[in-house]
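Protein chains: 2
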Amino acid sequence: MKIAIIGGTGPQGQGLALRFARAGIAVALGSRDGARSAGIAADLMAKLPEGTAQIEGLDNEAATKAADEMVVLAVPFSAHNATLEALKPHLAGKILVDIVVPLKEGDPKKVEMPPEGSATEAAQALLGDGIPVIGALHNVSATTLNNLDWPINCDILICGDSLPARKKVIELVRVLDVEAYNAGDAEAARCIEAITPILIRQNISKAVPFTHAGIRICPPAH
Amino acid sequence: MKIAIIGGTGPQGQGLALRFARAGIAVALGSRDGARSAGIAADLMAKLPEGTAQIEGLDNEAATKAADEMVVLAVPFSAHNATLEALKPHLAGKILVDIVVPLKEGDPKKVEMPPEGSATEAAQALLGDGIPVIGALHNVSATTLNNLDWPINCDILICGDSLPARKKVIELVRVLDVEAYNAGDAEAARCIEAITPILIRQNISKAVPFTHAGIRICPPAH
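Structure, rendered in structure tokens:
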């Protein structure tokens, strides 16, 4: 199995590439500059033990084409729509996994949602009904992902209008040794994406004695 | 210290009244029908050990007047704005703690937000800048609250435009032996209120092996 991570040379993309490759899933790491992502892919491979799946660096278009089925979008929100416009012709038959959080310019303790309501809904509107968009992996700290010795301290909330696609992404994400929950259709992304700035606020706050906060769904405590 | 719980005869209001009274905070339990809330207040007192703070049943207006400073709004969303319109003259100098979630009519796995963005923002718009509105306690299960032997299995996310009021509500909520986090201004309620239907979805789902789910902010796991 091979996934693509578009905008994969940022901290979130690199961390996910490391975690997926370690779990046996090959990664086509996409960047605007294929030479740059090839260099970073080699650096990432050097951090992994022998025998993991391969991380290869490509430009975004080649990475999208290289994915069997799932293409993870990990660009900054400012590049979200333009990147999808460019990749749309190559996404037919695939699932777009949108991890982008529309953080407010200049204030990462807030979101500034697009008119569609959330990044996930904007992506679905842009790509049209034929290409399922699934929101996922919004709330996991890049620092945690890149520290391979750290267990991931959060659950993953998965949303999107296609239930079969949601189920596939839940399965994909569970290889990272995290729990993943079906959070409903794409509209739930208005909530899920907006959890990230609440976590960032705690990480920055002097009143909270830890950083890299995650969020978990908890059973009753009795 | 005495708080009011408006719409306090519903399951959420009753559970909160029990928990606050046990923690030493007197409760004026408000209902449209003061005789009904007086009966329920007596029933609740019978469930508590000797020496807890008092729960008294009043009509909503009398309960609001009886509160020292904090008035908790726990009505169904369909009664949210009309209740606030009626109580507005009595809320001067007090803090409204809005726990209402605008669940979608006929589908509790979704929210249907008011035009202001969330119930908390709608309340703030309706009451005007002179009466601080704080969103809190949206995501705690009524069943958990009413089972006094169960620890509360969630953290409380607190939001609202007034930082001093947020701090007061954080202090209030912590008497319930829960952790409470400052989640930012009232706009954060668009996220926090919408967590509840995601939890309800898990409670209903056959794929999730528990009900009465809560949500927690988690430190790194290393």
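Chains A and B, in that order, give the protein sequences. Heads up: the first sequence begins at 148 in the numbering used here, then just goes up one per residue. Heads up: the second sequence begins at 148 in the numbering used here, then just goes up one per residue. Even for Gly, the Cβ is constructed at its ideal location relative to N, Cα and C.
Check: CB of Gly282/B within 8 Å of CB of Asp245/B, strictly; Outcome: yes
Check: Strand pairing of Lys251/B, partner residues [DSSP]; Outcome: Asp254/B
Check: Neighbour list for Ile157/B in chain A, Cβ cutoff strictly below 9 Å; Outcome: The sequence shown places Gly at residue 157/B, rather than the Ile named in the question. Per Cβ cutoff of 9 Å: no residues; Gly157/B is ~20 Å from chain A at best.
Check: Beta carbon proximity, Asn329/A to chain B, threshold 8 Å; Outcome: yes
Check: DSSP beta-bridge partners of His175/B; Outcome: First, the residue type needs correcting, since residue 175/B is Ala and not His in the sequence shown. In DSSP, Ala175/B forms a bridge with Ala151/B, Glu203/B.
Check: Any chain A beta carbon closer than 8 Å to Leu304/B; Outcome: yes
Check: Span of the beta strand (DSSP E), counted from its first residue to its last, around Leu243/B; Outcome: 242 to 245
Check: Proximity test, Cβ basis, 8 Å: Pro262/A and chain B; Outcome: no
Check: Collapsed DSSP secondary structure at Ile299/B in the structure displayed; Outcome: coil
Check: Residues bridged to Ala327/B (per DSSP); Outcome: Ile303/B
Check: Ala330/B vs Cys306/B beta-carbon contact at 8 Å; Outcome: yes
Check: Chain B contact residues for Asn300/A, given Cβ-Cβ distances below 9 Å; Outcome: Cys365, Pro366, Pro367, Ala368, His369
Check: The stretch 349 to 358 of chain A touching the stretch 191 to 210 of chain A, judged by at least three CB pairs closer than 8 Å; Outcome: no
Check: Gln161/B beta carbon less than 8 Å from that of Gly155/B; Outcome: yes
Check: Given 8 Å, three or more beta-carbon pairs between the stretch 335 to 342 of chain B and the stretch 329 to 348 of chain A; Outcome: yes
Check: C-alpha distance - Pro366/B paired with Asp180/B, whole-angstrom precision; Outcome: 45 Å
Check: Beta carbon of Ser225/A nearer than 8 Å to that of Gly204/A; Outcome: no
Check: 8 Å Cβ cutoff met for Ala175/A and Ala193/A; Outcome: no
Check: Short CB-CB distance (under 8 Å) between Lys107/A and chain B; Outcome: This structure does not reach residue 107/A, given that chain A is present from 148 up to 369, and the question cannot be answered.
Check: Proximity to Met217/B [Cα-Cα], best of Ala368/B, Val280/B, His359/B; Outcome: Val280/B
Check: Paired residues, beta bridge with Arg363/B - DSSP; Outcome: Arg363/A
Check: Outcome for Gly253/B when other beta-carbon atoms lying within 10 angstroms are tallied against a minimum of 16; Outcome: exposed
Check: Contained beta strand (DSSP E) runs [length at least 3] in the stretch 263 to 300 of chain B, N- to C-terminal order; Outcome: 280 to 282
Check: Residue-chain proximity (Gly361/B, chain A), Cβ-Cβ < 8 Å; Outcome: yes
Check: Option in Gly275/B, Val248/B, Lys256/B with minimal Cα separation from Lys241/B; Outcome: Gly275/B
Check: Close beta carbons around Ala170/A, own chain, < 7 Å, minus the five adjacent residues each side; Outcome: Val322, Leu323
Check: 8 Å Cβ cutoff met for Thr290/A and His369/A; Outcome: no
Check: Where Met217/A sits in the DSSP three-state scheme; Outcome: strand
Check: Leu243/A and Asn286/A closer than 8 Å at C-beta; Outcome: no
Check: Within-8 Å CB hit, Thr291/A to chain B; Outcome: yes
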